[in-house]
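*Asks:* If you're matching positions, the sequence shown starts at 440 in our numbering and goes up one per residue. C-beta: ideal position from N, C-alpha, C; glycine also.
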Amino acid sequence: MLNRIWSGFFFVAFISAMVQWLVFDHILIFEEIVNAIFTMSKVTVEIAIGLIGILSFWLGMMKIAEHAGIIDKLARFISPLFIRLMPEVPKGHPAIGSMTMNLSANFLGLDNAATPLGLKAMQDLQLLNPNKETASDAQILFLVLNTSAVTLFPVTVFVYRAQQGALNPTDVFVPILLATFASTLAGLFAVAFVQKIKLYQQVILLYLAAGIALIGGIVVYFSTLSAQLLAQQSSLMGNFLIFSTLIIFLLLALKRQVNVYDSFIEGAKQGFETSIKIIPYLLAMLCAIGVFRASGSLDFLVDAIRQLVLFFNGDTRFVDALPTAFMKPLSGSGARAMMVETMNTHGADSFAGRLASIVQGSTETTFYVLAVYFGSVGIRYSRHALACGLIADVAGITAAIGVCYWFFG
């Protein structure tokens, strides 16, 4: 899928460029396309270098949290919920621990740590799967929750916004939290409907009520603020929670006599390696998207949607961020490149730049996760996993547009 998407950008761009040259006499179109490749190559390196510091710091602090047992405690906290949602998984089975560890890592924004934990969880669930080529109910629910799970600290989104010149990079903190919560609920309800999971069980209702109460409280509080204070308070809350969490990590680690400095260094080394590893992927997608835009193809697509919205007398400001939304279910690197390209074109603090950031933080790459997770255990038939995952994606993207108008409209 990704192979076709990436090559498709270049082929469509070439056809569009030929039309611009032969039909519209745009003789500089190929020069602009080549310049876009050089520009995006430079932007790729600048982004990767800028990521080294924050990724190293964040992974260092997460290693402290791991050694302090914080992630393990989060896993134990979530475990009772999974026992009810997946009755075919025996209590105490290794899959419960793997799944809770995976979602806990996702909750804290540990993308790199979450993936191997997710693969381990899928392998544990496969041991319980009677039909090895067909996804079980538990595997489908886990995958959908994985692709739509709430992320408290979308640190990489904040970093990209800071690199693109945002005045308050964390002002999208609460909008992302609201959008990703909508995505999670939609994914859970979709799977529960298909699998006939009884969500009215007491333990499940308690977890849902706690989550809804938290999000509801945030909504009620922010509904009392003026438009000017919305972004300011979102940024304040985001920064306060991030720094407070880091302090809690340190205090709990010191209480357990963890060598916090050595633990930090151990984790920080992974940040440098990760930043270097993403360069080829980011380079590939940014150059492809740069060529796609320079050829006029992206503008044609966006303008077509804009005209359709105008036909119904709608507000078109969200249209410029739709490329990120279109790419998000297909490719994480592609969506990240689209987000960066949108901010680079329209500005990090523009409506489109903020909306692209919220979309990037609200959902996961459904097709990629489905292919990697199911492929790792040899599953060929995904049943309703893709449909439920896409329902969660649509809910997250729709919520992202709505909260962006609320906070920044």
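Report the residue from S495, I509 and Q746 whose alpha carbon sits nearest the alpha carbon of K694.
*Replies:* I509
*Asks:* Is G710 closer than 8 Å to S495 when the C-beta atoms are compared?
*Replies:* Their beta carbons are under 8 Å apart, which means S495 touches G710 by this criterion.
*Asks:* With DSSP run on the structure shown, which of helix, strand or coil describes T573?
*Replies:* strand
*Asks:* Output the boundary residues of the alpha helix (DSSP H) element that contains S736.
*Replies:* S736 to F750
*Asks:* Out of A507, A487, L520 and G828, point me to the one whose CA is closest to L645's CA.
*Replies:* Checking every option, the nearest Cα to that of L645 belongs to L520.
*Asks:* So Q641 is in the alpha helix (DSSP H); what residue range does that whole segment cover?
*Replies:* Bounds of the alpha helix (DSSP H) holding Q641 are Q641 to S662.
*Asks:* Spell out the partners DSSP gives Y820 in its beta bridges.
*Replies:* T573
*Asks:* Contact between the region 627–636 and the region 571–589: three or more CB pairs below 8 Å?
*Replies:* yes
*Asks:* Give the straight-line distance between the Cα atoms of F688 and H506, rounded to the nearest whole angstrom.
*Replies:* Rounded to whole angstroms, F688 and H506 show a C-alpha spacing of 10 Å.
*Asks:* Kindly give me the distance between the Cβ atoms of Q562 and K571, rounded to whole angstroms, as I take these residues to be in contact under 8 Å.
*Replies:* 12 Å between Cβ atoms; not a contact.
*Asks:* Report the three-state DSSP secondary structure of E803 (helix, strand or coil).
*Replies:* coil
*Asks:* Taking 8 Å as the threshold (C-beta atoms), are R600 and M782 in contact?
*Replies:* Going by C-beta atoms, M782 is nearer than 8 Å to R600.
*Asks:* I'd like the span of the alpha helix (DSSP H) that includes G626, first residue to last.
*Replies:* F612 to Q634
*Asks:* Assign E471 to one of three DSSP states: helix, strand, or coil.
*Replies:* helix
*Asks:* A727 and W445 look like a contact to me (Cβ under 8 Å); what is the Cβ gap, rounded to whole Å?
*Replies:* 5 Å
*Asks:* Please report the straight-line C-alpha distance between T623 and H823, rounded to a whole angstrom.
*Replies:* 16 Å
*Asks:* Write down the C-beta distance between L653 and G626 rounded to the nearest angstrom, noting that I regard them as a contact closer than 8 Å.
*Replies:* The pair is not a contact, with the Cβ atoms about 18 Å apart (cut-off 8 Å).
*Asks:* Where does L567 sit, in a helix, a strand or coil, going by DSSP?
*Replies:* coil
*Asks:* If I'm right that V699 touches I657 with Cβ under 8 Å, what's the distance once you round it to whole angstroms?
*Replies:* V699 to I657, Cβ: 31 Å. No contact.
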